[in-house]
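Here the structure comes first, spelled out in C-alpha cells, and everything after it is commentary.
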Ligand code: ADP
Ligand code: MG
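In this note's numbering, the protein residues as written are 47 to 745.
What follows is the structure in C-alpha cells.
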C-alpha cells in the first residue's frame, strides 16, 4: 500500500533525513521518503499497524505534526512571531551586556553583565540546547544543534561569554530567515493548488446541485459561472465562452471557445455563465495531473542533488574529526616545535580554531539551496503549463542537443478531415462506396486518422478487425479482405500501389488483393510549430528531427514548413525506437510525441515529452514531461527554465564550497573570530537561497 502524508514544522534537510532513517526501521515499512521542501512523507507499507506507527513516530519527532493525524495543526505564522520575539529580546540583553563590558567597571557591573549574557543566551538558545540533549540521548550527533551548542559553550568556557551569545543569536537569526525563505518558495508552488475548484454545479433535469469535482462523472452537464474554474476537463455546450488560461499556460491572454471545443480544467471563466459536458473524470483531468506531478516531483532526484547529499554525509564528520585533531594535536605540535617539548601550547588559540571549524562544518547552504532551486524550477515550469516529473528531467532537458518530433498529433493538430478520393483506374467503386468502406473499417480504430471518417455513414458490418500499429487496419467486410492504411501495409500484403501526386496524407485501400484507390486526408499544422522549433534552436538545440510513419511526400512538405532539419519516414513504432537509440549516440535526445504508436520511442529518449490533452493516458505515464495545453512553444520555455535552474544550482554549489574552503583556511590560521564564522555561514546560506529565487523571476 502507498500513501503520501502531509506534515508540517519539518524545518531542515538534516532533520528530514534523520526522521526518514527512524521511520525506515519500523516493521512493515517497505519504503519511505521524507521530503523537507514539500513537507511530505511518501510511504509504502505492508499493513495498517505500520502506518499508525509511522504517524505516531513522526508526531513525536521534534515539532513535526502529521496533518490529519489526529493532532491539531499549529499556526505557522505564530511560530515565526515567537522566534522573532526571542531574537529581539536576546539581542537587547546582548547589547546591554556589551555596553556594560565597555562602560562600567567593578564586580557588580561584571556580575550584572554575566546575568544579561546568560539571559540573552538562554532566551535564544534554549530550543537548540533542548534539541541537542534530546538527540544525544537518541545517539544522534553531528546535527546543526549539536555543532552550535559545542561552539557556543566552548566559547563561553574560554571566557568569551559575549562571543558565545553572538554565535547562538546569529545562528537562530539565520534559521528563522531560512524558514521564511523556504516558506515563500512553498507558497509560490502552493498557489498552484488553488487550481482545483472546491465544487462543481451539476445540472440534472434543470435542477442545480453542488458536488466536489471528484464526484463528477463523464457525461455530466456542469454549469460554470463567471469567475469560477472549470472543475474537470470537458467540452463546451453553450455557444461561446471566454476562458482565462493564465494559471495553466502562464500566458495572460483569453481563449475564446465555441460549441464543441475542449475546455481544460483549471482555466477560469472570464465571461458569462455557460454549460459544459464532462469528458474526463477529475482524476484524469489536467488539474489533477498537475497537482499530482508537482507533489511527487521531488522524488526523482537530479545528479547534483545526489552529489550534495553524499558530499554532506562525508563532509560534516570529516570536518568534525579535523576539528578534534586541531584541538588536541595542534597544541602538542605547537609545543614540540616551539619549545622542543611534548606539552599543550596555546591551547585556547587552537581550541578556538577547532570551534570555528565546527561551525564551518555545517553544510546548510548546499543542502538547502540545491533542492530548493530544483523545486522552484519545477514549480515555474508548472505555472507555464509544463509538467516535469522530477528534478532529473529538468537537468536532462537543459542539456538537450537533438529534438525529435512525431508528426501526426505533435507537429500537426491530429484532426484529420477527408479532402479527396483518388480512385484506382478501372475499378468498379464510386467515391462514396470507397469512403463508406474505409469508414466501416476505421470505426474499429482510435487513431487520429480514423476520426476523420467518424462522420462518414456506412452500412457494412465488419469482422476480424485488426490494427497494424503505424501502418493501418485490416478487416473482413462482406466476406472480402479489406486493407486500409499506408503503402507499407499494402506492399507487405503483396499489393502494388498506384503512384499519386498529393500534398495530403494518403489512406490506401485494397479489397481481396486488389488496389481500389486512396483517400486524401488533411491535417492542419500546429499554429506554433514553426516558432517553437526556431526557439529551440536558439536555446542551443543543434538538430531537429522528424520521425514519422507517414509517406515521404507529406512528411517532407511539413518538415519544410516547420523548419525541421532531418526527416525519417515510413517508420514502424519499433523502427522509431531504433532510430531514437541511434540519434541518442550523438547527444542528449528530447522526444516529443502524442503517445499514439510512440510509447517505445518515449522509453528510449533521454527525455520524453507528451502532449497533454491529445495524448493517451499511457503516454503521459511513459513521458517525463507533459505539455498541458498542447502548445509546442512551451518546450523552449521549459528549456530556458531548466538551463537557468541548472546554472543557479552550479553557482550555488561552487559558491558555497569555495566560501567553506576560504573560511576553513582563515579558521585554521586563527584569523577568524568565531562569531564571524557563524555570520559567514548564515550569510552564505541566505545568499544561496536567495539566488535560488531567481529561477522564479520572469526574465
Ligand atoms: P506518426 O508517426 O506520423 O505520428 P503513426 O505512427 O501513428 O504516425 O502512423 C503512421 C502511419 O500509419 C500513418 O501516417 C498512416 O499512414 C498509417 N496508419 C496508422 N494507423 C492507421 C489507421 N488507423 N488508418 C489508416 N492508416 C493508418
Ligand atoms: Mg503520432
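Built from N, CA and C at the ideal position, the CB exists for glycine as well.
As the structure is a computational prediction, the values presented were derived from the model and not from experiment.
{"Asked": "Euclidean distance between Cα positions of residue 404 and residue 155", "Found": "32 Å"}
{"Asked": "Through-space distance from residue 64 to residue 178, alpha-carbon basis", "Found": "14 Å"}
{"Asked": "Close-in-space but distant-in-sequence residues of the same chain around residue 557 (CB under 6 Å, 5 per side omitted)", "Found": "526 and 528"}
{"Asked": "Residue range of the unbroken beta strand (DSSP E) whose run includes residue 54", "Found": "48-54"}
{"Asked": "Inside the stretch 436-497 only - beta strand (DSSP E) runs reaching at least 3 residues", "Found": "448-452 and 463-469"}
{"Asked": "Segment contact, 8 Å Cβ cut-off, at least three pairs: the stretch 88-105 with the stretch 426-438", "Found": "no"}
{"Asked": "When 591, 501 and 395 are compared against residue 748, the one with the closest alpha-carbon", "Found": "Here the chain has residues from 47 to 745 only, and residue 748 is not among them."}
{"Asked": "Per-residue burial, residue 198 [other beta carbons within 10 Å of its own, 16 or more giving buried]", "Found": "buried"}
{"Asked": "First through last residue of the beta strand (DSSP E) which encompasses residue 653", "Found": "653-657"}
{"Asked": "Chain-order list of residues whose beta-carbon lies under 6 Å from that of residue 48 (same chain, five-residue window excluded)", "Found": "90"}
{"Asked": "Contact check, residue 510 vs residue 501, beta carbons under 9 Å", "Found": "no"}
{"Asked": "Residue range of the alpha helix (DSSP H) that includes residue 89", "Found": "Unbroken run through residue 89 is the beta strand (DSSP E), 86-91; no alpha helix (DSSP H)."}
{"Asked": "Heavy atom of ligand 1 within 8 Å of residue 553 beta-carbon", "Found": "yes"}
{"Asked": "Environment of residue 153 [buried if 16+ CB atoms lie within 10 Å]", "Found": "exposed"}
{"Asked": "Any non-hydrogen atom of ligand 1 within 8 Å of residue 525 CB", "Found": "no"}
{"Asked": "Endpoints, the alpha helix (DSSP H) within which residue 727 is located", "Found": "720-739"}
{"Asked": "Straight-line Cα distance separating residue 229 from residue 677", "Found": "31 Å"}
{"Asked": "Cβ neighbour criterion (16 or more within 10 Å) applied to residue 386", "Found": "exposed"}
{"Asked": "Residue burial classification, residue 176 (beta-carbon count within 10 angstroms, cutoff 16)", "Found": "exposed"}
{"Asked": "Range of the contiguous beta strand (DSSP E) that encloses residue 320", "Found": "320-324"}
{"Asked": "Coil, strand or helix - residue 121 by DSSP", "Found": "Bear in mind that a pLDDT of 48 at residue 121, under 50, signals an unreliable position, so the model cannot answer this."}
{"Asked": "Proximity below 9 Å, CB of residue 267 to CB of residue 322", "Found": "yes"}
{"Asked": "Residue 501 - DSSP class collapsed to helix/strand/coil", "Found": "coil"}
{"Asked": "Reduced DSSP category for residue 563 - H, G, I as helix; E, B as strand; rest coil", "Found": "strand"}
{"Asked": "Buried versus exposed call for residue 96 [16 or more other C-beta atoms within 10 Å across all chains shown]", "Found": "buried"}
{"Asked": "CA nearest to the CA of residue 185, picked from 67, 169, 237 and 241", "Found": "67"}
{"Asked": "Where residue 596 falls, given that 16 or more other Cβ within 10 Å makes a residue buried", "Found": "buried"}
{"Asked": "Continuous beta strand (DSSP E) stretch holding residue 290: start and end", "Found": "286-290"}
{"Asked": "Distance cut-off 8 Å: residue 311 Cβ against heavy atoms of ligand 1", "Found": "no"}
{"Asked": "Own chain residues within Cβ distance below 7 Å of residue 121, not counting five before or after", "Found": "Unreliable positioning characterises residue 121 in this predicted model, as indicated by a pLDDT of 48, which lies under 50. The coordinate reading is nonetheless provided below. Result list for residue 121: empty, nothing under 7 Å."}
{"Asked": "Whole-Å CB distance - residue 143 paired with residue 162, under 8 Å assumed", "Found": "4 Å"}
{"Asked": "Presumed contact (8 Å Cβ cut-off) between residue 305 and residue 284, rounded CB distance", "Found": "7 Å"}
{"Asked": "Option nearest residue 752 by Cα separation, candidates 260, 213, 552 and 325", "Found": "For the chain, the structure presents residues 47 to 745; residue 752 sits outside this window and is missing."}
{"Asked": "Residue 232 - DSSP class collapsed to helix/strand/coil", "Found": "helix"}
{"Asked": "First through last residue of the beta strand (DSSP E) which encompasses residue 81", "Found": "75-81"}
{"Asked": "DSSP state of residue 296 mapped onto helix, strand, coil", "Found": "coil"}
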